[in-house]
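S.K.: First, the structure itself, so that you have it in front of you.
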Amino acid sequence: MSLLTALSSGTTGLQASSLELSVVGDNIANANTVGFKSGRAAFEDALSQSVIGGTGQIGLGSRLAGVQKILTQGALASTGLATDLALQGNGFFVVRGAHAGQTGTFYTRDGQFTVDDDGYLVNLEGLRVQGFPADPSGALAGLPDDLLVGTASAQPRATTRLTLKANLQADAAVPTAAWDPANPGATSNFSTTMTVYDALGAGHAVQVYFRKTGDGAWDWHALTDGAGVAGGTAGQLTQIAGGTLAFGDGGELTSMTQTSSFTPAGQAAPQPLDFSFGDPTSAGGTGLAGVTQFSATSASTFIGQDGYGSGQLASVRVGPEGVISGVFTNGQTRVLGQVAVAGFAAPDQLDRAGGNLLQQTPGSGQPVVGAAGSGGRASVVAGSLEQSNVDLAEQFVRLIAAQRAFQANSKTITTADQLLSELIAMKR
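Anchor point for the sequence shown: position 64 equals 1116 in the working numbering, and the numbering is continuous, going up by one each time.
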């Protein structure tokens, strides 16, 4: 009976409109959900009868073919938090842990991450972000694993080379008193302060004194408090290095000598120190790149050394390739790891698992996990979050269309019902 078919078609139309309303309502409800991807209900016609030759086919309404995920890029909103990450392009963050009674690997576009009490980078539910770990030197290696970033520390490095750029006043007078390490200020012409770190990270303040001994000739002495020197006496200056400097008529450094003898307190082996005052002409240099002798007042323009003390993690920063770098209290920076990004052959086939998480399915294909910004994978934008890609204007239009479709299908049912009533009445 065609009237019964009309009733069935109207019923499927009501069901389809209801499902469309559910999908649209879910989209609107998640308009402010970080990383949310909107859905679209896809319907197909239902065919049950046909006449030979296909000229009189009769349908049975519509049915849901599936809910498609719309994986367009969402807008990025800046948050200023270093551990808030957004993906620009294709791919998903990888997280691992327990969710909804299931332990496993999940995928997400929600980059609201933080560091937990154990130092791991986690999402708001506590699932650990997966990435490539770095060794103590900062080299990335190994397979993806839980990213541990919050417990890193910077090991100290002993100073081996000290660099000084300065000018020694050419017309300075030769001190009348002999050099006296107990009274260096009165028996020298100029001094500058440098810092030397030992292997344990302890800093030693070193005062370098320059004493003119003749035209274009200077002695230099590096002194530090004896408390930090093996065999030294606290409160008394101990010389740990010294030598001579010679300058040409143009103020250039022509030659230099140096000796050093520094054994930090509590250590058995001496710590070699190389004082660099520039390459003299005798060594093939210009003699003008370090310490010079011009008529200007004595002054230092650059002081540097290659050591540093131990440091604790002060902050982190994340680059476009997902590389996490730690900034330490001693001024050093070191790579701590790299956030992994997963790509899929059919990402719209991933299953929603709640909590802004997605799960792999047979239809999605296997994840291809790698570094951000390579292999077609998205780049990472630190200090930002990807907003929902729901277009509210579009959703309201779909909402109105679904409402009207529901009303129209209900009219089909009432009309078919009236006609059936007429048929029944004909028997009376």
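Note that beta-carbon positions come from the ideal geometry of N, C-alpha and C, so glycine has one too.
Checking 9 Å against the spacing of the C-beta atoms, do Phe1158 and Ala1392 come in under that value?
M.R.: It is not a contact, given that the beta carbons lie outside the stated cut-off.
S.K.: Using beta-carbon positions only, say whether Ala1394 and Gly1415 come within less than 9 Å of one another.
M.R.: no
S.K.: Using 8 Å for Cβ pairs, my map puts Ser1431 next to Gln1140. What's the rounded Cβ distance?
M.R.: 5 Å
S.K.: Would the beta-carbon of Thr1296 fall within 9 Å of that of Thr1338?
M.R.: no
S.K.: Rank Ile1476, Leu1451, Arg1213, Val1260 by C-alpha distance to the C-alpha of Val1076 and give the top, closest one.
M.R.: Leu1451
S.K.: In three-state DSSP terms, what is Val1449?
M.R.: The DSSP-derived three-state label of Val1449 is helix.
S.K.: Short check: CB of Gly1406 to CB of Ala1204, under 9 Å?
M.R.: Against a cut-off of 9 Å, the Cβ pair of Ala1204 and Gly1406 comes out as no contact.
S.K.: What is the DSSP secondary structure of Met1053, counted as helix, strand or coil?
M.R.: Any reading at Met1053 is ruled out, since the residue's pLDDT is 47, under 50, leaving its predicted position unreliable.
S.K.: Check whether the stretch 1466-1475 touches the stretch 1168-1179, counting contact only when three or more Cβ pairs, one atom from each stretch, lie closer than 8 Å.
M.R.: no
S.K.: Going by DSSP, which residues form a beta bridge with Ser1243?
M.R.: Tyr1261
S.K.: Among Val1375, Gln1319, Leu1475, which residue has its Cα nearest to the Cα of Ala1191?
M.R.: Val1375
S.K.: Are there three or more Cβ pairs, one per stretch, closer than 8 Å when the stretch 1223-1242 is compared with the stretch 1205-1214?
M.R.: no
S.K.: Mapping DSSP to helix, strand and coil, what is Asn1079?
M.R.: helix
S.K.: Between the Cα of Asn1441 and those of Leu1071, Ala1068, Val1086, spot the shortest distance and give me the residue it belongs to.
M.R.: Val1086
S.K.: Leu1252 and Gly1359: beta carbons closer than 9 Å?
M.R.: No, they are not a contact pair.
S.K.: When the Cα of Gln1154 is compared with those of Leu1179, Thr1276, Val1174, which residue comes out closest?
M.R.: Sorting Leu1179, Thr1276, Val1174 by C-alpha distance to the C-alpha of Gln1154 places Leu1179 at the top.
S.K.: Where does the unbroken beta strand (DSSP E) through Ala1138 begin, and where does it stop?
M.R.: 1137-1140
S.K.: If you follow the beta strand (DSSP E) that Ile1292 is part of, which residue opens it and which one closes it?
M.R.: 1289-1299
S.K.: Between Leu1475 and the rest of its own chain, which residues show a CB-CB distance below 6 Å, the 5 nearest in sequence each way excluded?
M.R.: Taking Leu1475 as the centre and dropping the five residues before and after it, the same chain places no C-beta closer than 6 Å to its C-beta.
S.K.: Using 10 angstroms around the beta-carbon of Met1053, count the other beta-carbons present and answer buried if the total reaches 16, otherwise exposed.
M.R.: A caution first: Met1053 carries a pLDDT of 47, below 50, which makes its placement in the model unreliable, though a value can still be read off. Met1053 comes out exposed.
S.K.: When the Cα of Gly1422 is compared with those of Asp1197, Thr1306, His1273, which residue comes out closest?
M.R.: Asp1197
S.K.: With Lys1089 as the anchor, note down where its beta strand (DSSP E) starts and where it stops.
M.R.: Note, Lys1089: premise wrong, no beta strand (DSSP E); not H, not E.
S.K.: Which residue wins for smallest C-alpha separation from Asn1142, given the options Gly1149, Arg1161, Leu1409, Thr1385?
M.R.: For the residues Gly1149, Arg1161, Leu1409, Thr1385, the minimum Cα distance to Asn1142 belongs to Arg1161.
S.K.: By how many angstroms is the C-alpha of Val1147 removed from the C-alpha of Lys1463?
M.R.: 49 Å
S.K.: Have a look at the DSSP bridge pairing and note the partners of Pro1227.
M.R.: DSSP, once it has assigned bridges, lists no residue as partnering Pro1227.
S.K.: If you reduce the DSSP assignment to three classes, tell me which class Glu1438 lands in.
M.R.: strand
S.K.: Flag this pair as yes or no: are the beta carbons of Ala1186 and Gly1389 separated by less than 9 Å?
M.R.: Taking 9 Å as the Cβ cut-off, Ala1186 and Gly1389 qualify as a contacting pair.
S.K.: Compare the beta carbon distance of Phe1299 and Ala1222 with 9 Å and say whether it is the shorter of the two.
M.R.: yes
S.K.: Determine the contact status of Gly1280 and Gln1288, defining contact as a CB-CB distance below 9 Å.
M.R.: No, they are not a contact pair.
S.K.: Kindly indicate which residue of Ala1460, Ile1292, Gly1356 has the alpha-carbon position closest to the one of Ala1274.
M.R.: Comparing Cα-Cα distances from Ala1274 to each of Ala1460, Ile1292, Gly1356, the minimum goes to Ile1292.
S.K.: Residues in the same chain with beta-carbon distance under 6 Å from Gln1345, minus the five sequence neighbours each way, listed in chain order, please.
M.R.: Leu1220, Ala1222, Phe1299, Gly1303
S.K.: Whose C-alpha, out of Ser1436, Val1387, Arg1429, Met1478, is nearest the C-alpha of Ala1193?
M.R.: Minimum Cα distance to Ala1193 is reached at Val1387.
S.K.: Name the DSSP bridge partner or partners of Thr1344?
M.R.: Asn1219
S.K.: I'd like the ranges of any beta strand (DSSP E) spanning at least 3 consecutive residues and lying wholly in the stretch 1366-1392.
M.R.: 1375-1380
S.K.: Which of helix, strand or coil does DSSP assign to Gly1163?
M.R.: coil
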